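Participant:
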């Protein structure tokens, strides 16, 4: 079911003295947006909601430290590793089909987590959640592009979609704390079942099926294997670096394997694209290197990495700061972080209004500059710093990151061809996942190596500010190039 939008016929104009009637303005179809937002809500909620349940899981399943790390990090590792595959399958087999498949896998894996009686079953369930997330997220962005072709409507849809995800991520610790306190740790997984079922129902009812490509070339199995091995090894190495150290044999082996696999992947994809252009093969590359010939696409992917490195690396440290340096409980820490992680409620309307007039790069540059200033506010942080003094840093970084993420999402969709929307959004999400893993591992190392926690926090804040400042320059550069081309 779709919503009919009333638009003026070509060639007609509205008299300047009369305001356009409300009926002539494009209507935002809410059914598809709610369905797609619920899917992303589940993905982002499960990034943080499980962390609060860790003590209860450890006691209930008698879980060791290594298994606990995989329960927490295995989700994001598989999510990052399978994103390219998910994007490629969505472009080939249909975006709605892969979105529903991802929802089904995620919901079934959540059911397995809820019934888990051993650490192994729970880890397998978390890995399954990551696989489901990797299938549905690229398809979700591609469906947004197809459902809302009008730029202003798409900006509003992305703003709401991103705001829902931001609220889910920020509410994770609080929601997890309430569920674990009122029931037990399994309830954080039971919550996904009704939400997933509702998302499937709304998708079937409101999101039209996309046609399967009849002229699609054969898939790239070797590229898929190399991409998965490379990204999983890289993400796993980054996750392990925080606890084992950057020079441990495990971490170095993972980095070596990941680097070798990704280099081989890049060579293979370039070869396949060249052969495809010459008509010498029927096998299409999983990730066409020609996507990166677009300066807007490459710069936006780089900005995705920079904002995740800075923001999520610092979010990891600020969580430790409130708990270790200030002695806050988990629930109190979650509430203390709300001014930062729930900025989507403010960023969404700002973004949609500005983007409809200027395009995505103006709010992107503004968000990056604001975030850079906010990170510098953490220079004031100390063991006894009053909470109100930190509010500027919390609000500015949260608002700046969310505004930038929304704008970058819109920009990556605009820069990608419609036939490659799934793989383009997968590249963007891979860059964000890698940036987040690098930020957490790198900033955690700084704190461990510093003489005091606050010293490491301040050094990390300076690097986060530099990352956002670099992103500001990239966004302004793309904006200038676009203005010259349109002149």
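Numbering (my numbering), first residue to last: -17 to 469. Every residue, glycine too, gets a C-beta built ideally from N, C-alpha and C. Quantities reported herein were computed from a predicted structural model and do not represent experimental measurements.
1. Specify the secondary structure class of residue 308 as computed by DSSP and reduced to three states.
2. Confirm, please, whether the CB-CB distance from residue 27 to residue 150 is below 7 Å.
3. Would you tell me roughly how many angstroms separate the C-alpha atoms of residue 330 and residue 387, rounded to the nearest one?
4. Given this structure, state the Cα-to-Cα distance separating residue 104 from residue 98, to the nearest angstrom.
5. Consult DSSP for residue 133 and reduce its assignment to one of helix, strand or coil.
6. In whole angstroms, what separates the C-alpha of residue 132 from that of residue 407?
7. What do you get for residue 422, buried or exposed, if any count of 16 or more other CB atoms within 10 angstroms of its CB means buried?
8. Buried or exposed for residue 229, please, with buried defined as at least 16 other CB atoms from any protein chain shown within 10 angstroms of its CB.
9. Between residue 89 and residue 179, how many whole angstroms is the CB-CB distance? I'm expecting something under 8 Å.
10. Thinking residue 240 and residue 219 are a contact (beta carbons under 8 Å), I'd like their distance in whole angstroms, please.
11. Mind checking who residue 414 pairs with in its DSSP beta bridge?
12. Nearest-angstrom Cα distance between residue 196 and residue 79?
13. In chain order, what are the residue ranges of uninterrupted alpha helix (DSSP H) at least 4 long that sit wholly in the segment 149 to 221?
14. Indicate the three-state DSSP secondary structure (helix, strand or coil) for residue 265 in the structure shown.
15. Would you decide whether residue 431 is buried or exposed? Buried here means 16 or more other CB atoms lie within 10 Å of its CB.
16. First and last residue of the alpha helix (DSSP H) that includes residue 233?
17. In the DSSP assignment, find the alpha helix (DSSP H) that holds residue 362 and state where it starts and stops.
18. Here's the rule: buried if 16 or more other CB atoms are within 10 angstroms of the residue's CB, otherwise exposed. What is residue 20?
19. Does DSSP put residue 76 in a helix, a strand or coil?
20. Is it buried or exposed for residue 227, if we count other Cβ within 10 angstroms and need 16 for buried?
21. Report the residue from 398, 293, 306 whose alpha carbon sits nearest the alpha carbon of residue 550.
22. Hey, would you say residue 81 sits closer than 7 Å to residue 106, going by beta carbons?
23. Would you mind reading off the limits of the alpha helix (DSSP H) that contains residue 298?
24. Of the residues 61, 402, 393, 40, which one's Cα is nearest the Cα of residue 341?
25. Do the segment 156 to 170 and the segment 364 to 371 touch if we need at least three Cβ pairs shorter than 8 Å?
26. Would you grab the beta carbon distance between residue 129 and residue 189 for me? Rounded to a whole angstrom, and I think it's under 8 Å.
27. Are the segment 430 to 449 and the segment 309 to 317 touching, with three or more C-beta to C-beta distances below 8 Å?
28. Got a sec, what are the start and stop residues for the alpha helix (DSSP H) residue 29 sits in?
29. Does the beta carbon of residue 443 come closer than 7 Å to any beta carbon on chain C?
30. Looking only at C-alpha atoms, which of 334, 297, 415, 295 sits nearest to residue 64?
31. Please state whether the Cβ-Cβ distance between residue 181 and residue 446 is less than 7 Å.
32. Count the other C-beta atoms from every protein chain shown that fall within 10 angstroms of the C-beta of residue 345, then say buried if there are 16 or more, exposed otherwise.
33. Once the 5 residues before and after residue 91 are set aside, which same chain residues still bring their CB inside 7 Å of it?
Facilitator: The short version:
1. Three-state result, residue 308: coil.
2. Yes, these two residues count as a Cβ contact at 7 Å.
3. When rounded, the distance between both Cα atoms is 11 Å.
4. Here the alpha carbons of residue 98 and residue 104 stand approximately 5 Å from one another.
5. Three-state result, residue 133: helix.
6. In this structure, the straight-line span from the alpha carbon of residue 132 to that of residue 407 is close to 18 Å.
7. Flag for residue 422 reads buried.
8. Exposed, since its Cβ has fewer than 16 Cβ neighbours within 10 Å.
9. With 8 Å as the limit, residue 89 and residue 179 qualify as a contact, their Cβ atoms being about 7 Å apart.
10. 6 Å between Cβ atoms; contact.
11. Paired residues: none, contrary to the question.
12. Residue placement at residue 196 is flagged as unreliable, the pLDDT there being 43, under the threshold of 50; the coordinate-derived value follows with that caveat. Rounded to the nearest angstrom, the two C-alpha atoms are 15 Å apart.
13. Positions of the alpha helix (DSSP H) runs, each at least 4 residues long and wholly inside the segment 149 to 221, are given as 169 to 172, 174 to 188 in order along the chain.
14. Strand.
15. In this structure residue 431 is exposed. Its beta-carbon is surrounded by fewer than 16 other beta-carbon atoms within 10 angstroms.
16. For residue 233, the uninterrupted alpha helix (DSSP H) segment begins and ends at 231 to 259.
17. Neither: residue 362 is in no alpha helix (DSSP H) and is coded neither H nor E.
18. So residue 20 ends up on the buried side.
19. For residue 76, the three-state secondary structure derived from DSSP is coil.
20. When all chains shown are included, residue 227 counts as exposed.
21. Since the first residue shown for the chain is -17 and the last is 469, residue 550 is missing from the structure and cannot be characterised.
22. No, they are not a contact pair.
23. DSSP places residue 298 inside the alpha helix (DSSP H), whose first and last residues are 277 to 302.
24. Checked all of 61, 402, 393, 40; the closest Cα to residue 341 is 393.
25. Fewer than three beta-carbon pairs drawn from the segment 156 to 170 and the segment 364 to 371 are found closer than 8 Å, and the two stretches are therefore not classed as touching.
26. Right, their Cβ atoms sit about 7 Å apart.
27. The segment 430 to 449, when compared against the segment 309 to 317, does not touch it at the 8 Å Cβ threshold.
28. From DSSP, the alpha helix (DSSP H) with residue 29 extends over 12 to 30.
29. In the structure shown, chain C does not exist; there is a single protein chain.
30. Nearest of 334, 297, 415, 295 to residue 64, Cα basis: 415.
31. No; because the gap between Cβ atoms is not below 7 Å, this pair is not in contact.
32. Per the 10 Å Cβ criterion, buried.
33. If the five residues before and after residue 91 are omitted, its C-beta is found closer than 7 Å to the C-beta atoms of 107, 110, 111, 114, all from its own chain and listed in chain order.
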